[in-house]
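Residue numbers (this note's numbering): 54 to 365. Using N, Cα and C, we set each Cβ at its ideal position, and we do this for glycine too. Please read all numbers here as calculations on a predicted model, not as lab measurements. These notes are about the structure you will find just below.
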């Protein structure tokens with residue numbers, strides 16, 4: 054057998070293995086629960102089906118009958134569990150069923166560089182450290198800014214309607230950018246005790262940088278196949294740089310706010326606790342400040358969903 058033929062067979066074998074690892078779950082997965090076809094994970098991206106339609110058509114019946122299914126997601130096969138007895142066992146045996154974030158499951162992905170290690174996905178002693186830093190601000194957020202922010206938000210919408218194209222506004226007004234600015238303001242002021250001015254200017258630095266980062270992270274092909282982020286693709290190298298710059302900018306602004314001697318500091322805020330953590334050399338400032346931004350995404354998604362429900 055020639056060297057070229059050997060290389061050819063090797064490449065074919067590697068390609069075949071890669072395809073099979075996507076199409077079929079690992080052999081050591083349970084055989085007594087159903088397998089959701091691998092392509093189901095891509096339907097939301099490449100078709101007009103929304104998450105509810107996908108769940109009702111492909112997941113609901115099997116989950117209700119078996120309590121768990123095998124499903125392909127984020128470049129790997131997973132077991133999705135909903136049965137209370139199974140969940141109870143998982144929570145009791147947390148060392149066996151330890152949480153694992155993107156930074157461990159897909160460490161080379163741009164997405165994992167954005168989320169990093171954080172209180173949402175951390176486990177054990179690391180989780181306790183993260184929790185101690187942000188616990189007070191999560192349980193007792195500063196709510197005094199919310200009413201003011203809502204008034205600003207309504208005023209911004211009124212101005213957008215008055216200044217916009219009348220024909221466009223008669224049909225619909227895109228509100229995703231406005232909602233992101235409101236979410237950033239609420240979470241930053243309530244949890245961090247920091248005002249980034251996202252409701253004062255449509256071109257605020259934080260809002261602009263986050264839009265750029267999200268445009269890179271949520272590209273469908275790389276969300277479904279994060280392994281591609283390991284390749285020297287120019288756009289993904291740029292994406293990683295943008296994420297790095299955003300994380301650096303975000304952490305620096307949080308720290309700067311704590312050094313401002315003209316403002317009264319809230320010692321219960323996550324920003325203050327992060328700053329003290331950094332002074333102690335704990336090294337969790339960037340990661341835990343990121344958690345507030347992840348919380349903003351949940352806040353933003355919930356508001357988008359609510360607006361959609363109200364409009365239908």
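Three-state secondary structure (DSSP) of residue i
i: residue 71; result: helix
i: residue 100; result: coil
i: residue 85; result: coil
i: residue 95; result: helix
i: residue 299; result: helix
i: residue 132; result: strand
i: residue 34; result: Beyond the ends of the chain as shown, which are 54 and 365, falls residue 34; an answer cannot be given.
i: residue 238; result: helix
i: residue 127; result: coil
i: residue 162; result: coil
i: residue 121; result: strand
i: residue 137; result: helix
i: residue 306; result: helix
i: residue 64; result: helix
Assigned exposure category for residue i - 16 Cβ within 10 Å defines buried
i: residue 246; result: buried
i: residue 277; result: buried
i: residue 84; result: exposed
i: residue 225; result: exposed
i: residue 72; result: exposed
i: residue 57; result: exposed
i: residue 174; result: buried
i: residue 300; result: buried
i: residue 78; result: buried
i: residue 128; result: buried
Inter-residue spacing [alpha-carbon to alpha-carbon] between residue i and residue j
i: residue 229; j: residue 67; result: 42 angstroms
i: residue 170; j: residue 260; result: 23 angstroms
i: residue 144; j: residue 116; result: 19 angstroms
i: residue 103; j: residue 162; result: 25 angstroms
i: residue 194; j: residue 310; result: 17 angstroms
i: residue 312; j: residue 86; result: 55 angstroms
i: residue 180; j: residue 91; result: 32 angstroms
i: residue 93; j: residue 140; result: 24 angstroms
i: residue 243; j: residue 189; result: 11 angstroms
i: residue 130; j: residue 123; result: 7 angstroms
i: residue 187; j: residue 178; result: 15 angstroms
i: residue 55; j: residue 157; result: 40 angstroms
i: residue 110; j: residue 307; result: 45 angstroms
i: residue 264; j: residue 62; result: 44 angstroms
Nearest to residue i (by Cα), restricted to the options the options
i: residue 201; options: 156, 267, 235; result: 235
i: residue 98; options: 262, 274, 148; result: 274
i: residue 252; options: 64, 232, 304; result: 232
i: residue 74; options: 294, 280, 301; result: 280
i: residue 287; options: 269, 118, 196, 240; result: 269
i: residue 150; options: 176, 295, 267, 197; result: 176
i: residue 290; options: 55, 178, 164; result: 164
i: residue 166; options: 264, 306, 118, 298; result: 298
i: residue 305; options: 106, 249, 129; result: 249
i: residue 142; options: 168, 156, 120, 263; result: 120
i: residue 134; options: 168, 155, 88; result: 88
i: residue 154; options: 147, 172, 146; result: 172
My parser needs the alpha helix (DSSP H) runs of 4 or more residues fully inside the region 179 to 235; what are they? Taking only runs of at least 4 residues, the alpha helix (DSSP H) segments lying wholly in the region 179 to 235 are 197 to 216, 219 to 224.
List in chain order: all unbroken alpha helix (DSSP H) runs of 4+ residues lying wholly within the region 249 to 297. Scanning the region 249 to 297 from its first residue to its last, the whole alpha helix (DSSP H) runs of 4-plus residues come out as 258 to 270, 273 to 277.
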